[in-house]
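*Asks:* I'd like to ask some things about the structure below.
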Amino acid sequence: KNQVEQSPQSLIILEGKNCTLQCNYTVSPFSNLRWYKQDTGRGPVSLTIMTFSENTKSNGRYTATLDADTKQSSLHITASQLSDSASYICVVSAYSSASKIIFGSGTRLSIRP
Amino acid sequence: DSGVTQTPKHLITATGQRVTLRCSPRSGDLSVYWYQQSLDQGLQFLIQYYNGEERAKGNILERFSAQQFPDLHSELNLSSLELGDSALYFCASSASDRGTGANVLTFGAGSRLTVL
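The listed protein sequences derive, respectively, from chains E and A. Note that the first sequence covers residues 1 to 113 in the numbering used here. Note that the second sequence covers residues 1001 to 1116 in the numbering used here.
Structure, rendered in structure tokens:
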């Protein structure tokens, strides 16, 4: 069964600190993995996208890693800012005759001043 | 502005009623996806259309239906509304009908439906 599991479910850190969010997946055959940021009440916005051959990708203070062998990904946020408070969603796509896009349930990150 | 336009932004209606949510995809995108997000829940995939044809179906209730028109905009019809249908409904678009390669889903701002 195609699944995407994220941990932790929620996280609170102080402004300026770093954090790492985890994503484990069992989606097969794997096509790509994306991280989205969703502010409360807003639509998700793509942060990074990685295909099988990529193991790291950065977008400013956000760095995503992918280990296709262990089927794990992480999103590292450096020097957190109050505006980083949001839900972070891991999304994995599978090759199929029709689009197969599996969403994780997200990690809710809160940054405290 | 993501380029995906959803209307209305907010909608309040009563149980038993019927509403239509509209989505205009990003220019050049042929694929439209609909998602439901209840309070503090993850995104639940409802249905996908590609160039006017249904491509994939998720956990969409029989009371819900959708279509994609020749100009590629899509409408999600929700009927016999229940209190539990209150949620954010997101539309997303992508260039192709597959989640392959660098095909990124671009989301609209959502339509917030409140059923009283």
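Yeah, the Cβ is synthetic: ideal placement off N, Cα and C, and Gly gets one too. Please read all numbers here as calculations on a predicted model, not as lab measurements.
Could you list which residues in chain A have their beta carbon closer than 8 Å to that of Pro113(E), in chain order?
*Replies:* Residue 113(E) sits at position 113 when you count from the first residue of the first sequence. Per Cβ cutoff of 8 Å: no residues; Pro113(E) is ~23 Å from chain A at best.
*Asks:* At a Cβ threshold of 8 Å, is Gly60(E) touching chain A?
*Replies:* Here residue 60(E) refers to the residue found at position 60 of the first sequence. Not one chain A Cβ lies under 8 Å of Gly60(E).
*Asks:* If the criterion is Cβ atoms closer than 8 Å, does the pair Ser93(E) and Gln6(E) meet it?
*Replies:* Mapped onto the first sequence, residue 93(E) falls at position 93. Mapped onto the first sequence, residue 6(E) falls at position 6. Result no, Cβ atoms of Ser93(E) and Gln6(E) do not sit closer than 8 Å.
*Asks:* Does the separation of the CB atoms of Asn59(E) and Thr48(E) fall below 8 Å?
*Replies:* On the first sequence, residue 59(E) is found 59 positions in, with the first residue counted as 1. On the first sequence, residue 48(E) is found 48 positions in, with the first residue counted as 1. Contact flag set, yes.
*Asks:* Starting from the N-terminal side, write out each stretch of the beta strand (DSSP E) that is 3 residues or longer and does not extend beyond the stretch 1025-1106 of chain A.
*Replies:* Fully enclosed beta strand (DSSP E) runs of 3 or longer: 1031-1037, 1044-1050, 1053-1057, 1064-1068, 1074-1078 and 1087-1094.
*Asks:* Under a Cβ-count criterion, where at least 16 other Cβ atoms within 10 Å of its own Cβ denotes burial, should Ile1012(A) be classed as buried or exposed?
*Replies:* Working through the second sequence from its first residue, we reach residue 1012(A) at position 12. Result: exposed.
*Asks:* Can you tell me whether DSSP reads Leu1116(A) as helix, strand or coil?
*Replies:* By one-based count along the second sequence, residue 1116(A) stands at place 116. Three-state DSSP puts Leu1116(A) in coil, outside helix and strand.
*Asks:* Under a CB-based cut-off of 8 Å, is Phe52(E) close to chain A?
*Replies:* Translated into positions along the first sequence, residue 52(E) becomes position 52. Not one chain A Cβ lies under 8 Å of Phe52(E).
*Asks:* Could you confirm whether any beta carbon from chain E is found closer than 8 Å to the beta carbon of Val1104(A)?
*Replies:* One-based indexing of the second sequence puts residue 1104(A) at position 104. Yes, contact with chain E.
*Asks:* What's the call for Thr26(E), buried or exposed, on a 16-neighbour Cβ count within 10 Å?
*Replies:* Sequence index remark: in the first sequence, residue 26(E) carries index 26 (1-based). Exposed, because fewer than 16 other Cβ atoms sit within 10 Å of the Cβ of Thr26(E).
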